[in-house]
Amino acid sequence: MSYKTERDLHQMLRHQELIESSLSFVSGSEDFILENDIFPVSSRDDSDVMRGLRYPNGTGVIAGITSIGDVDGYDLVDGEKRPRKGRLFYRGINIEDIIQQCIKEDRFGFEETVYLLLFGQLPTASQLKDFQYLMARWSQLPSYFSEDMILRSPNKNIMNKLSSCILALHSHDGEAENMALENELFKSFRMVARTPTIVAHSYAAKCHYFDKDSLYLHRPRTDMSVAQNFLYSLRKDTKFDDDEAKLLDLCMILHAEHGGGNNSTFACRVLTSSGTDFYSSISAAVGALKGFRHGGANIKVVEMMKYLKRAIRDWKDDGQVKDQLVRILRRQLGDGTGLIYGMGHAVYTLSDPRAEILKQFSRHLAEKKGMVAELDLLESVERLAPEVFQEIRHTERPICANVDLYSGFVYHLLDIPTELYTAIFASARMPGWCAHRIEECCAQDPRIIRPAYKTISRRTPYVPLAERC
């Protein structure tokens, strides 16, 4: 590395010295914190604390009401959960009916889903046509936004880049602090349309600056759907086929909304309740979705499957599959967390309708691309994991596959890079976040969301500085 002046060299050395001294100070502080239990993992007296805002029976603490989405995975009888087949409703309409109608009419459905979530009703044919055109037009980013906000400050993590770009859009919105319904709707339309473009351009910048690849930035086309435009913008040669675009569209419909209690949507509503602006609330939702216990789980599934593929000699042998799943639970295989990613859900008990639909409609493309064996292995994990949980964890609680078990596989089928899996999830969930943001803004009795935390610290006297050891 070369330095322009001697002053630059001295600044670098001082900076390095500061980093080393800071790390030394933090390391010493960490030892003190751990030895003195400054941040206790748990307390003996926490029986009345609803960890994760969930009751002991596994049901969620009711924090509000919504008419947007309904996640239905069990019946509550005398305070106990009774497992049932999972269902998902958007504005009261079963997601399976939305999917089946789009397939029957051989058309893209994400734009219709966005309209339904934001306006509360299905569009007419003419309304949908106009809305599709506007969505394509709104997918264009502000002038020089890609150059200034993406290319000048690339990031290896696309979710973090997306979050910072969303905050930066505040500077390009003359009505950013105007929370009137009309303005909130207009912001929502533009954000849903722009997010896939931001993701595609952020990935292009990442490849160029960090992977030393050539730079390709494609402008979205007004004659394409959101799913088509994403594949068009992402691929260097802009080429894709109808099967790929339709499968991505199906994925985006399934990810568009999932009730008000999921972590990222709740984060959006919490920030909205404080009275903050649209961009701050949506950026917070992106940050929440990034976590591996939430949207980031789809990447963890892919990583887990790599471990399994290497460890299992015969993918069709149930005994071998079970043996390796046992090793994962015992922290002997995988990332050491003891989690079988893609299995289990906070609400769904017997089945996750999103996982069922993805599994069904991904098989055609898997056959077309010679990846049926991988799909069969995923289905084996889904089938055998509940048995392994019962045998190793001695639990009778029903455990089903969730959408993350299959979504990563679908993205792999579509030749989408792993770094983009959660960002695609964010692009698809954007209309749900926006709808919940608007619903929170329109509350008749708006209150800031502020749950309580039980304090377990002891009262201690203040010790003057000179008397401290």
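Residue numbers (the numbering used here): 45 to 513. Ideal Cβ positions, reconstructed from N, Cα and C, are used throughout, including at glycine.
For residue i, which residues in the same chain have their Cβ closer than 6 Å to its Cβ, ignoring the five residues on either side in sequence?
i	result
G130	G117, Y392, S395, D396, P397
F284	L275
V93	K498
D321	A220, E221
V158	V236, P475
P127	Y118, T393, L394, P442
Would you kindly report the start and end of the unbroken alpha helix (DSSP H) that includes residue i?
i	result
E228	225-254
L457	448-457
F284	Note, F284: premise wrong, no alpha helix (DSSP H); not H, not E.
R181	169-182
D420	416-437
A467	465-485
I44	It is not possible to answer for residue 44, since the shown part of the chain is limited to 45 through 513.
P461	Looking at the DSSP string, P461 is not in any alpha helix (DSSP H), and its letter there is neither H nor E.
H33	One cannot answer for residue 33 here, as it falls past the ends of the chain, which runs 45 to 513.
I202	202-212
S190	Here S190 belongs to no alpha helix (DSSP H), and DSSP marks it neither H nor E.
N101	Premise fails: N101 is in no alpha helix (DSSP H) and is neither H nor E.
What is the DSSP secondary structure of residue i, counted as helix, strand or coil?
i	result
G331	helix
K125	strand
I112	coil
D362	helix
D293	helix
N342	helix
L315	helix
A445	strand
F154	helix
R265	coil
S46	Any answer about S46 is weak, because its pLDDT of 49 lies below 50 and its placement is not dependable; what the coordinates show is given next. Here S46 sits in coil by DSSP.
D257	coil
R95	helix
R135	coil
D321	coil
D489	coil
D119	strand
Once you ignore the five residues that flank residue i on each side, which residues in its own chain have a CB closer than 8 Å to its CB?
i	result
L464	I202, V243, Y247, L278, Y455
P167	E156, Y159, L160, F175
Hey, residue i and residue j: beta-carbon distance below 8 Å or not?
i	j	result
L449	L422	yes
L185	T241	yes
E228	R473	no
S308	L315	no
S484	S318	The question names Ser, but residue 484 is Glu in the sequence shown. No; because the gap between Cβ atoms is not below 8 Å, this pair is not in contact.
K412	D255	no
V270	C478	no
R181	T282	no
L132	I143	no
I297	F154	yes
A410	V447	no
L458	L292	yes
I112	R98	no
S424	V365	yes
P264	S183	yes
I think residue i touches residue j, with their Cβ atoms under 8 Å apart; what is that distance to the nearest whole Å?
i	j	result
F469	S406	At roughly 16 Å, the Cβ-Cβ gap does not stay under 8 Å, so F469 and S406 are not in contact.
L195	A249	5 Å
G363	I443	Contact doesn't hold; Cβ gap of about 20 Å is too wide.
T462	G304	Rounded, the Cβ-Cβ distance is 29 Å, inconsistent with contact.
L373	I460	In fact, because the Cβ distance is near 29 Å, the residues do not count as touching under 8 Å.
I106	R313	The Cβ separation is near 13 Å, so there is no contact.
A514	G386	In this structure the chain extends from 45 to 513, so residue 514 is not present and cannot be described.
Kindly list the residues whose CB is nearer than 7 Å to the CB of residue i, restricted to its own chain and excluding five residues on each side of it in sequence; keep chain order.
i	result
S190	H245, L261
V330	M203, L206, S207, I210, A470
T466	M203, L333, K334, G339, G340, N342, I343
L377	Y351, A355, Q368, R371
C513	none
G102	K125
Taking Cβ positions only, does residue i come closer than 8 Å to chain B?
i	result
Y465	Any reference to chain B falls outside this structure, which holds one protein chain only.
How about residue i: is its Cβ closer than 7 Å to a heavy atom in the ligand MG?
i	result
E219	Because no ligand of any kind appears in the structure shown, any question about the ligand MG cannot be addressed here.
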